[in-house]
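>
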Amino acid sequence: MEPNRFREQFDMIQQSYDEHRVRLVAGPSGTPEYLHHKGVVLIRTDDYPTASYLLAGAGLEPVETSHTESTRLTTLSFADPSQPEERWHDPIVSDVIDLLLAQNIPAERDYLLTIADVNCCPADEPVPVYDGTHNPVIPVTRPSFGTAPVRVLVIDTGLVPGYDTHPTLASTIKKPGNPTGKLDSEMSPVDTQNVLRQYVGHGTFIAGLIAAVAHNVEITVRNCFSNAGTAGQHALGKDLNDILSEFQQLPRAEWPDIISLSSGTPVACDELTRINTGEQAGSPSAQPLLALEEFMNRLAALVVDKEILLVAAAGNNGSDQRFYPAAWADSQKYGRLVVSVGALRADGADVACFSNHGRWVSVFAPGEHLISTFTQRGAQTAYDYQHSSFGECRYHQSYVCTCLSPPHIGELSQNRPFETWDLATDRRLKRVRFDGLAEWSGTSFSTPLVAGMIANVMSEQNLTSHAAAEYLLNTMAGSATLRGRPAKIVRPAGWRPSMVYPST
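Put into C-alpha cells, the structure is as follows:
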C-alpha cells in the first residue's frame, strides 16, 4: 500500500499542537487539501459589529472573540461539543463563512501555512552529502561591488546550532539586534533520543542557498514556523507585522530589501472570491489570507521610502491550484510586491513533478537535488526518515523523481517510531547521519535561488529590489512551455544539472 502522506503529516502536526491544546481540521470536507484551526473564523475588525449582529440572528454566536490591532482582524471562536475529536469536517466554520460571505463580509478560516503544502511536507526528505560539494557550487572568488550588501530576510524555521561552522553562513548571517519574541535558533532541534526532528534545518538550508548564489548579501533568519514547520495565518500575520515594526525602528539602510518565504497554503476555492467588493458594496477588496493583508498593505505603503520584495514558494502540490501567498504575484493589488517561484527538475529541462504551476507562477528555477548547509559541520547527527518512498510518482510523471528515489522506509508510514530491532534490517533506508550538508528538493529551495539572483542584479545594476526582479524576469530569464503554458526559467551560475532517467 502506498503511503498516505497527508494523513501521516496531519498526525505529526496535530501532535505538535496538542501541547497548546489546539485542534486542527483538514479541509475541504471529504477531499483534504489544507489544514486550519478548528472552530476559528477570521474577519476584519471593522466588520465585527455587522457580523456580530448577523451571527446572533442566525444562532451562530461565538464562544470567544478577540481583536488584534496589528492585523486589524477579529478572531471568532466557536464550540463544537458534539464532535470534539472530528478532524475532517468543521460544519460550524463553514456555516459562519457562508453566512458572512453572502452579506459581502470577508471571512476566512485560520489556515495553517506550512513549509510545505497539501502533503504538509517538503517535496522529499533530506539526504546526507559527505564530499563537501554544494549545488549551486560556492564560487572560489566573487565580484566586488563597493556597495552596501543586499539585505535578505528569511522567514522560516530558524538556524540550527552550529550554523556558523559553515564559512558561507558565518560571513553572511546577521542576527537581529532586538528579536520580537522570536529567536534565530531552531527550537529543540533534536528529540529525547538525540535524533533530528522533522523539518529541522529547513531555514539553514535556505540561508545556505542564498549565501551560495548571492555575491554581496547579508542574511537574517527568523523562526516563525516552530510548530512542526507550521504557523496559523493569524499568528504569522502578527509575527510579520512585529518584525516589520522592529525593522522600522532601525535606520532605513538596515531594512530588508528582499523577504524569502518558503511556506504557504491552498485555500478554499470559493472563499473571498464570492463576495462583491468595491465601492458599490461598501467594502474594500479582499485577497486570500486576510491575516497577511495588513502586512502587505504596509509593504505597499513603504515603497516611497524603501522597496521590499516578497519572493515566495509556489508550493509542492503538483497542481495549478493557487497557493498563497505566492499566488498574489499576478494580483492587481500586490503583484509588484511578490515574485512566485516554481521548481525545475534536476536537468532543468522541465517542471519538477511536485512543483505547482500556472499563470500565477512568476518564474521557475532548479528545485531538485540541491545541496546546501543543513546541520553543524563535524558533528554526526542522526535522522530517522519519516516517510516511505512511493512505488510510482504521486503526480503521474514518467521520470525517476523524488517520489521514488532515493528509497526510504519511514516512521510515520510505519505508524510507529523505530525501535532498535527495526534498525537491524534495512538500516540505511531508515536512519542516516548528517555531517553538515544535505541534498534536498522542493519549491522551498527554488525560492532562495531566485532571491539570491535578484540580490545579484541589485548589486550589479544598482537597482531597487522591485526593479531588479523585473530585470531578471524580463531581460535575463529564458522562455519555455511548461505544463502547456508559457513560462519563464532561470538557472543560477554554479548550478549543476544532473541526468534524469525514465521511470519505465
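Be aware that the sequence shown starts at 1, since it is given in the UniProt record's numbering, and climbs by one per residue.
Cβ coordinates follow ideal geometry from the N, Cα and C atoms, glycine included.
Name the DSSP bridge partner or partners of residue 384?
Here residue 384 refers to the residue found at position 384 of the sequence shown. In the DSSP output, where bridge partners are listed per residue, residue 384 has 431.
> Taking 9 Å as the threshold (beta carbon to beta carbon), is residue 67 in contact with chain C?
In summary, chain C is missing from the structure at hand, where a single protein chain is found.
> Is the region 45–52 touching the region 71–80 in the sense that three or more CB pairs, one from each, lie closer than 8 Å?
At 8 Å Cβ cutoff, the stretches touch.
> Would the region 145–153 count as touching the region 190–200 if we require 3 or more Cβ pairs under 8 Å?
no
> Helix, strand or coil for residue 487, going by three-state DSSP, please let me know.
Working through the sequence shown from its first residue, we reach residue 487 at position 487. Note: residue 487 maps to strand in three-state DSSP.
> If you reduce the DSSP assignment to three classes, tell me which class residue 208 lands in.
Within the sequence shown, the letter at position 208 stands for residue 208. Three-state result, residue 208: helix.
> I'd like to confirm the pairing. Which residues does DSSP put opposite residue 466 in its beta bridges?
Taking the sequence shown and counting its residues from 1, one reaches residue 466 at position 466. Partner(s): none; residue 466 has no beta bridge.
> What's the call for residue 456, buried or exposed, on a 16-neighbour Cβ count within 10 Å?
For the purposes of this step, residue 456 is taken as the residue at position 456 of the sequence shown. Burial call: buried.
> Under the three-state reduction of DSSP, which class applies to residue 281: helix, strand or coil?
Within the sequence shown, residue 281 is the residue found at index 281, counting from 1. Its pLDDT being 43, under 50, residue 281 is placed unreliably in this model, and the value from its coordinates should be taken loosely. It is coil, neither helix nor strand.
> Considering only residues of the same chain and omitting the five flanking positions on each side of residue 183, which have a CB-CB separation below 8 Å?
Translated into positions along the sequence shown, residue 183 becomes position 183. Note that residue 183 scores 46 on pLDDT, short of 50, meaning its location in the model is unreliable; the coordinates nonetheless yield the value given after this. So the qualifying residues of the chain are 158 and 223.
> Contact between the region 302–313 and the region 327–339 is defined here as three or more beta-carbon pairs at a separation below 8 Å; is this criterion met?
yes
> If distances are taken between C-alpha atoms only, which option among 495, 399 and 442 comes closest to residue 504?
Start at 1 with the first residue of the sequence shown, and residue 504 comes out as number 504. Residue 399 is the option with its Cα nearest to residue 504.
> DSSP three-state label for residue 328, please.
The residue given as residue 328 occupies position 328 in the sequence shown. Looking at residue 328 - three-state DSSP - the assignment turns out to be helix.
> So, helix, strand or coil for residue 115, using DSSP?
Looking up residue 115 in the sequence shown gives position 115. The answer is coil: DSSP assigns residue 115 none of H, G, I, E or B.
> Rounded to whole angstroms, what is the Cα-Cα separation between residue 328 and residue 379?
Position 328 of the sequence shown, counted from the first residue, corresponds to residue 328. Position 379 of the sequence shown, counted from the first residue, corresponds to residue 379. The alpha-carbon atoms of residue 328 and residue 379 are separated by roughly 41 Å.
> Use the C-beta contact count for residue 163: other C-beta atoms within 10 angstroms, 16 or more gives buried, fewer gives exposed.
Residue mapping note: residue 163 aligns to position 163 of the sequence shown, counting from 1. Residue 163 comes out buried.
> If residue 354 sits next to residue 395, beta carbons under 8 Å apart, how far is it from one beta carbon to the other, in whole angstroms?
Here residue 354 refers to the residue found at position 354 of the sequence shown. Here residue 395 refers to the residue found at position 395 of the sequence shown. Right, the Cβ-Cβ distance comes to about 6 Å (below 8 Å), so this counts as a contact.
> Using 10 angstroms around the beta-carbon of residue 403, count the other beta-carbons present and answer buried if the total reaches 16, otherwise exposed.
Within the sequence shown, numbered from 1, the residue matching residue 403 stands at position 403. Residue 403 is buried by the Cβ-count criterion.
> In the DSSP assignment, find the unbroken beta strand (DSSP E) run with residue 38 in it and report its ends.
Counting from 1 along the sequence shown, the entry for residue 38 is found at position 38. In the DSSP assignment, residue 38 falls within the unbroken beta strand (DSSP E) covering 34–44.
> Determine the burial state of residue 40: buried for a count of at least 16 other Cβ atoms within 10 Å of its Cβ, exposed for fewer.
Here residue 40 corresponds to residue number 40 of the sequence shown, with the count starting at 1. Buried, by the Cβ-count rule.
> List in chain order: all unbroken alpha helix (DSSP H) runs of 4+ residues lying wholly within the region 291–370.
293–302, all fully within the region 291–370.
> What are the start and end residues of each continuous beta strand (DSSP E) run of 3 or more residues lying completely inside the region 208–261, in chain order?
217–223, 230–232 and 258–261
> Confirm, please, whether the CB-CB distance from residue 385 to residue 411 is below 9 Å.
The residue given as residue 411 occupies position 411 in the sequence shown. The residue given as residue 385 occupies position 385 in the sequence shown. The Cβ atoms of residue 411 and residue 385 lie closer than 9 Å to each other.
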